[in-house]
Each structure stands twice: as C-alpha cells, then as structure tokens.
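FYI, in full-length UniProt numbering the residues of the sequence shown are 1 to 276.
A virtual CB, placed ideally from N, CA and C, is assigned to each residue, including glycine.
Here the structure comes first, spelled out in structure tokens, and everything after it is commentary.
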Amino acid sequence: MKQTTDFYQMKERNEKITMITAYDYPSAKLAEQAGIDMILVGDSLGMVMLGYDSTIQVTLDDMIHHTKAVKRGAIDTFIVADLPFATYHSSREETVRNAAKLMQEGGAHAVKLEGAEDIILEHIEALKVAGIPVVAHIGLTPQSVAVIGGYKVQGKSVEAAQKLIEEAKKCEKAGAFAIVLECVPRQLAEEITKQLTIPVIGIGAGPNCDGQVLVYHDLLGYGVERLPKFVKQYVNIQEDIVSGIQAYINEVKTGVFPDEKTSYTMKDGVLESLYG
Ligand code: KIV
Ligand code: NA
Numbered sequence: 001m002k003q004t005t006d007f008y009q010m011k012e013r014n015e016k017i018t019m020i021t022a023y024d025y026p027s028a029k030l031a032e033q034a035g036i037d038m039i040l041v042g043d044s045l046g047m048v049m050l051g052y053d054s055t056i057q058v059t060l061d062d063m064i065h066h067t068k069a070v071k072r073g074a075i076d077t078f079i080v081a082d083l084p085f086a087t088y089h090s091s092r093e094e095t096v097r098n099a100a101k102l103m104q105e106g107g108a109h110a111v112k113l114e115g116a117e118d119i120i121l122e123h124i125e126a127l128k129v130a131g132i133p134v135v136a137h138i139g140l141t142p143q144s145v146a147v148i149g150g151y152k153v154q155g156k157s158v159e160a161a162q163k164l165i166e167e168a169k170k171c172e173k174a175g176a177f178a179i180v181l182e183c184v185p186r187q188l189a190e191e192i193t194k195q196l197t198i199p200v201i202g203i204g205a206g207p208n209c210d211g212q213v214l215v216y217h218d219l220l221g222y223g224v225e226r227l228p229k230f231v232k233q234y235v236n237i238q239e240d241i242v243s244g245i246q247a248y249i250n251e252v253k254t255g256v257f258p259d260e261k262t263s264y265t266m267k268d269g270v271l272e273s274l275y276g
C-alpha cells in the first residue's frame with residue numbers, strides 16, 4: 001500500500017498520482033483491482049449515492065458508514081475520507097475528535113477538508129500534531145456553495161489567482177501532505193503545482209497537476225446525467241444496467257426465467273449446494 005511519503009516521491013519523479021472516489025464495498029474493491037493509487041471517500045456521496053442536491057446534508061455518521069464499507073472493499077489502498085460540512089470549524093478539539101473517528105471507526109488513512117481560512121489552517125496543524133494526515137482542498141469548495149453563490153470556476157482573475165496561490169502555500173505550510181485543486185484555469189493549476197512541494201491533485205484543473213481525481217459515477221457513467229466539462233466518461237455502465245434490468249423484467253413476465261437450469265429439484269438423499 002502506498003503511503004504519504006510515496007506520494008511526495010511520485011511528485012518528485014513526475015509520476016502521476018491517480019485517485020478516484022469510492023463509497024461502498026464493490027466500488028472500492030473494483031478501484032483497488034484496477035490499481036488506483038488512492039481512494040477518496042468523498043462527501044460527493046451525498047449526491048451520487050444518496051440523491052441530495054449538494055454535499056451540505058452529509059453527516060459525519062454518513063461518512064463513517066461509507067468509509068467502513070470502502071475499507072472492507074479496499075484493504076490494500078490508501079483511503080482519504082472527507083470531513084463533511086461544518087465538522088472542522090468550531091474548535092481544534094472537535095475537529096481532531098471528528099477526524100479521529102474517520103480513522104479509528106471508518107478506517108481512513110487520512111482526511112480531507114475544504115478551505116484555507118486562518119481557522120482551517122490552524123485545524124490542519126492540530127490534525128497533523130494528532131497524527132492525522134490531511135489533504136487540503138481549495139479552488140471550488142462545494143461545502144461553501146451557499147456562500148460562494150453556486151458552482152463556478154475559481155481563480156479566473158489575476159487577484160483571485162494570486163489569492164489561490166497564497167492559499168495553497170499556506171495549506172502546505174500548515175502541514176497538509178497533499179492538496180486537491182478543483183475547477184481552476186489550467187495555467188493557475190500549473191503554477192501552483194510548480195510552487196508547492198506537496199502533490200497537487202487536480203479536478204477540473206488541467207493536465208499539469210501532480211495527479212488527478214474524478215468521481216466514480218461520473219467517469220463510469222453510473223446514474224449521472226449532466227456532467228461538468230472537466231469529466232471524461234470512460235464507459236457508460238448505466239446503459240448496460242438498464243438494458244440488463246429490462247431483459248430480466250421481460251424474461252420474468254414471459255416465463256423464460258426462472259427455467260429448469262436455474263431451479264432445484266427433489267432428489268432423494270442428495271444434498272444440493274446453492275451454487276449447483
Ligand atoms: O467529494 C468529492 O468527490 C471530492 C472530489 C471532487 C475532490 O471532494
Ligand atoms: Na468532497
């Protein structure tokens with residue numbers, strides 16, 4: 001299993017870091033099987049798994065529940081879990097307690113939190129002191145969508161770009177071991193990646209970051225409709241899923257399934273295994 005130090009080395013070697021979200025046992029198992037470097041139990045699960053319209057509704061208990069399932073599916077992959085909405089803002093104590101739960105109960109190896117305001121930076125430091133590796137997340141920060149006024153590309157003006165560069169440096173200084181950079185112009189992402197020694201994992205941040213993260217359901221076309229420009233959909237499993245379910249419905253309605261082959265029979269004294 002890769003560890004935080006491996007990710008620094010990958011940056012140094014110019015070897016791209018791959019990350020995908022996963023939220024349950026099968027998605028984690030398949031991500032690990034495919035050879036992903038890092039799994040993110042993102043609070044995007046509120047939208048893609050639970051059908052909410054934002055990440056605001058996701059609770060710490062939701063995150064623990066899903067992280068546990070991911071851990072059972074991916075026993076040999078580095079797992080980062082999101083600290084959800086308003087669980088790392090009140091005090092150092094509460095932040096450390098909540099993050100510790102994601103590690104101790106959920107089984108995460110690290111936590112991710114959004115923003116780079118002074119209080120967040122203080123809390124990144126406190127987490128590090130407690131032995132909790134932290135991934136920072138700046139640019140578009142979905143938990144603040146109600147404050148920033150919608151999902152928009154960040155850092156487009158010179159001033160906004162300068163502010164993001166400063167924020168990234170502050171996160172590194174506070175002790176984050178990696179940083180997610182979401183929805184910023186590619187030139188800005190490249191500049192931030194150059195200026196930091198910690199790995200920059202991009203999403204909607206162009207090709208010159210140290211790594212990339214995408215949402216599982218987005219890249220696989222699983223239960224999603226309108227996708228942002230930055231997503232590349234590699235397959236469209238929802239088509240197979242719907243046609244598979246339609247075939248099943250059809251065969252049951254017409255009596256094609258179950259048939260002889262898929263039924264058990266009464267043979268005296270012979271114990272039949274479930275699997276035939
Ligand atoms: O929750 C999530 O999926 C994320 C990624 C988009 C980085 O935070
Ligand atoms: Na998230």
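Cα-Cα separation, residue i to residue j
{"i": "Q233", "j": "Y216", "result": "10 Å"}
{"i": "G221", "j": "V270", "result": "46 Å"}
{"i": "Q143", "j": "G149", "result": "11 Å"}
{"i": "N98", "j": "L60", "result": "7 Å"}
{"i": "G255", "j": "G223", "result": "29 Å"}
{"i": "I79", "j": "L181", "result": "18 Å"}
{"i": "N14", "j": "A178", "result": "15 Å"}
{"i": "S44", "j": "T197", "result": "27 Å"}
{"i": "T18", "j": "V145", "result": "26 Å"}
{"i": "K194", "j": "C209", "result": "9 Å"}
Residue range of the unbroken beta strand (DSSP E) whose run includes residue i
{"i": "D82", "result": "78 to 82"}
{"i": "K112", "result": "110 to 114"}
{"i": "M10", "result": "From DSSP, M10 is part of no beta strand (DSSP E) but of the alpha helix (DSSP H) over 4 to 12."}
{"i": "T18", "result": "17 to 21"}
Other residues of its chain near residue i: CB distance less than 6 Å, five sequence neighbours each side excluded
{"i": "G46", "result": "Y52, T55, Q57, V58"}
{"i": "L113", "result": "L83, Y88"}
From the options, residue whose alpha carbon lies closest to that of residue i
{"i": "M38", "options": "V147, M10, M63, Q162", "result": "M10"}
{"i": "G42", "options": "R226, A161, A22", "result": "A22"}
{"i": "V200", "options": "Q3, A174, Y8, M1", "result": "Y8"}
{"i": "K173", "options": "V231, R72, T262, V134", "result": "V134"}
{"i": "A28", "options": "H66, I17, G73", "result": "G73"}
{"i": "T4", "options": "G131, G139, Q162, E251", "result": "G131"}
As assigned by DSSP and simplified to three states, the class of residue i
{"i": "V224", "result": "coil"}
{"i": "I119", "result": "helix"}
{"i": "E182", "result": "strand"}
{"i": "M266", "result": "coil"}
{"i": "G244", "result": "helix"}
{"i": "Q212", "result": "strand"}
Span of the alpha helix (DSSP H) around residue i
{"i": "L188", "result": "186 to 195"}
{"i": "H89", "result": "Careful: H89 lies outside any alpha helix (DSSP H) and carries neither H nor E."}
{"i": "I39", "result": "Where I39 is concerned, there is no enclosing alpha helix (DSSP H), although the beta strand (DSSP E) it sits in stretches over 38 to 41."}
Own chain residues within Cβ distance below 8 Å of residue i, not counting five before or after
{"i": "E12", "result": "none"}
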